[in-house]
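First comes the structure, then the notes that go with it.
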Amino acid sequence: VVPRSLGGDVLLARLHNPTLGAGVAGQVVDHLNGSYSAVFSLLWEGSAEVEVTLVHPSEAVTVLRRLTSEQPDRIYFHSLFRSGSVSQTTTCNVCLRPTQQPLCNYTDLHTGEPWFCYKPTKLSCDARINHAMPLEDSNKISRMKKKRSSFKGEGWFQHESLHSVVRNYQCHCVTKKGRDAWQSLGGSTVRRFKTSSDISQCLKGKVIHMYGDSTIRQWFEYLNAALPDLKEFDLHSRKQVGPFMALDYANNILVTFRCHGPPIRFGNVPTTELRYIANEIDGINGGTNTVVIFGIWSHFSTFPIEVYVRRLQSIRRAVVRLLDRAPGTLVIIRTANLKALTLYETLTNSDWYSLQRDKVLRAMFQGLNVRLVDAWEMTLAHHLPHNLHPQAPIIKNMFDVILVLRMPSKEWLDVCLEKAVITHGELTYCFCISLESCRVAAS
387 VVPRSLGGDV LLARLHNPTL GAGVAGQVVD HLNGSYSAVF SLLWEGSAEV EVTLVHPSEA
447 VTVLRRLTSE QPDRIYFHSL FRSGSVSQTT TCNVCLRPTQ QPLCNYTDLH TGEPWFCYKP
507 TKLSCDARIN HAMPLEDSNK ISRMKKKRSS FKGEGWFQHE SLHSVVRNYQ CHCVTKKGRD
567 AWQSLGGSTV RRFKTSSDIS QCLKGKVIHM YGDSTIRQWF EYLNAALPDL KEFDLHSRKQ
627 VGPFMALDYA NNILVTFRCH GPPIRFGNVP TTELRYIANE IDGINGGTNT VVIFGIWSHF
687 STFPIEVYVR RLQSIRRAVV RLLDRAPGTL VIIRTANLKA LTLYETLTNS DWYSLQRDKV
747 LRAMFQGLNV RLVDAWEMTL AHHLPHNLHP QAPIIKNMFD VILVLRMPSK EWLDVCLEKA
807 VITHGELTYC FCISLESCRV AAS
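Structure representation (structure tokens):
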């Protein structure tokens, strides 16, 4: 085996103790000469195993870059046009390759977000009734999968894990104070929510608006299931798409969810429900009783990074306007997370694509009065398998993060700190005072 002399490989690292169920995400440093270092916080006493995962070697990253450059439209969408008994389906996307066929321009007038469809031959552009990703296996991705020769070395896209063991180190970062009770790195006491009524008390009088993809929809579903008094109002929406609304009348809690605008790889979205997050935020009054949560990343993976940057810029401007008119509004952003990768997922939704967009998101909102829930680090540190839609214990812990975030209302903050639970089974999250990151540790 010839030693590697260049960097650029995609590596993940975590430190964990399987017996305790403890884990912490590591930071990988690329020395650009074929060698790498992994840096960890030490959060418990005792033995630990180092796990390093090779997501992609640099050769695979080169292929993924080439795919985006040469075939940015390899994922495409359809819209159905209908008027009376006449209907026609055409192809749509952020941009369409030039043909003799005229276009329908659906660029959003407020945000400037572009979207185009080929114009149906017998119907007007106003007859468009839905947005969908084709279900048939006939798109460019399928053809590329059949032409394996296009990807020299299929093994480039396969995960490989390496393990080593660190024995009996002493931890000076946090101290164990008893079962399921930890002291955070900043020294503040972490308390717990014991019942659903405690969570309801913490959220009492609040309006929580959620926007984004299915990973944000998971949060709506979790909260709806966790609070018996929170009753979902049937809007007769499609389960995948929404919008959704739930109300706890006694505690005056309102929770809503709406999916983000195109590109979005859902089966069937009525055009009346295609809303851009920036426009939705501009329609919120805001205030100390309002929480705005959004997450947007997965559906942008196959497009050039400029498409994602433009979307985040419009959302950032809307967040700035919201905080200017209602500074007490709490804005929470969910980051990307790790996934299980098949060959298809690698070519459309690789963790490398997600990581690039995650870096852009963090840079875009740096300096604003917003809070991040670091889903990337939480899924990396956890022992459960990676999944686009993380399993219930991880979702539980993500929402625990939201509940202990510093709220604009001091009264609400006092209640949350008094009641906050940030444990699930044997897992406990420990937080720095700055809330810049989270760690997983065990009881």
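Count the sequence shown with the numbering used here and you get residues 387 to 829, in order.
In this text, a Cβ means the ideal position worked out from N, Cα and C, and glycines have one as well.
Remember, predicted model here, so these are calculated numbers, not experimental data.
Comparing alpha carbon positions, the residue from 645, 605, 639 closest to residue 623 is 645. In the DSSP assignment, residue 596 falls within the unbroken beta strand (DSSP E) covering 593 to 598.
The alpha-carbon of residue 740 is positioned some 12 Å away from that of residue 396.
For residue 629, same chain residues with a beta-carbon under 7 Å away, outside a window of 5 residues either side, are 621, 623, 642, 643, 644, 659 in chain order. Taking a cut-off of 8 Å on C-beta distances, the stretch 697 to 710 does not touch the stretch 775 to 783, as fewer than three cross pairs fall below it.
No Cβ-Cβ contact shorter than 8 Å links residue 692 with residue 411.
Residue 474: member of the beta strand (DSSP E) spanning 472 to 479, first to last residue. Annotation: residue 602 to residue 478 spans about 25 Å, alpha carbon to alpha carbon. Annotation: the continuous alpha helix (DSSP H) that includes residue 700 extends over 691 to 711. Note: residue 465 is bridge-paired with 476 in the DSSP secondary-structure output. Secondary structure within the stretch 426 to 460: the beta strand (DSSP E) runs of 3 or more consecutive residues, fully enclosed, are 432 to 442 (chain order). DSSP lists 438 as the bridge partner or partners of residue 399. Non-local beta-carbon contacts of residue 493 in its own chain, meaning distances under 6 Å to residues more than five positions away in sequence, involve 500 in chain order. A distance of 8 Å or more separates the beta carbons of residue 746 and residue 718. As the crow flies, the alpha-carbon of residue 596 is around 5 Å from that of residue 679. In this structure, residue 393 sits near residue 417, with a CB-CB distance shorter than 8 Å. Residue 665 and residue 432 have their C-alpha atoms spaced approximately 51 Å apart.
According to DSSP, residue pairing for residue 719 in a beta bridge involves 680, 758. One Cα belongs to residue 613, the other to residue 631, and the distance between them is close to 14 Å. If you look at residue 730, you'll find it in the alpha helix (DSSP H) that goes 729 to 735. Of the candidates 591, 507, 627, 651, the residue whose Cα lies closest to the Cα of residue 674 is 591. By the Cβ-count criterion, residue 725 is buried, with 16 or more other Cβ atoms from all chains shown falling within 10 Å of its own Cβ.
For residue 668, the closest C-alpha among the options 444, 389, 709 is that of 709. Bridge partners of residue 618 according to DSSP: 632.
An exposed status is given to residue 636, since fewer than 16 other beta-carbon atoms sit within 10 Å of its beta-carbon. Approximately 7 Å separates the beta-carbon atoms of residue 789 and residue 585; this is inside 8 Å, confirming the contact.
Annotation: residue 399 to residue 438 spans about 4 Å, alpha carbon to alpha carbon.
A Cβ-Cβ distance of about 4 Å is found for the pair residue 681 and residue 598, placing them in contact under the 8 Å criterion. Note on geometry: alpha-carbon atoms of residue 408 and residue 720 lie some 23 Å from one another.
Distance check between residue 505 and each of 633, 491, 618 places 491 closest, using alpha-carbon atoms only.
The Cβ atoms of residue 654 and residue 516 sit closer than 8 Å to each other. By the CB criterion at 8 Å, residue 593 and residue 633 fall outside the cutoff. Ranked by Cα distance from residue 608, the first of 450, 776, 757 is 776. Residue 646 carries a coil assignment under DSSP once its states are collapsed to helix, strand and coil. Spatial neighbours of residue 626 in its own chain (CB-CB distance under 6 Å, excluding positions within 5 residues in sequence) are listed in chain order as 652. A residue is called buried when at least 16 other Cβ atoms come within 10 angstroms of its Cβ; residue 730 does not meet this threshold and is exposed.
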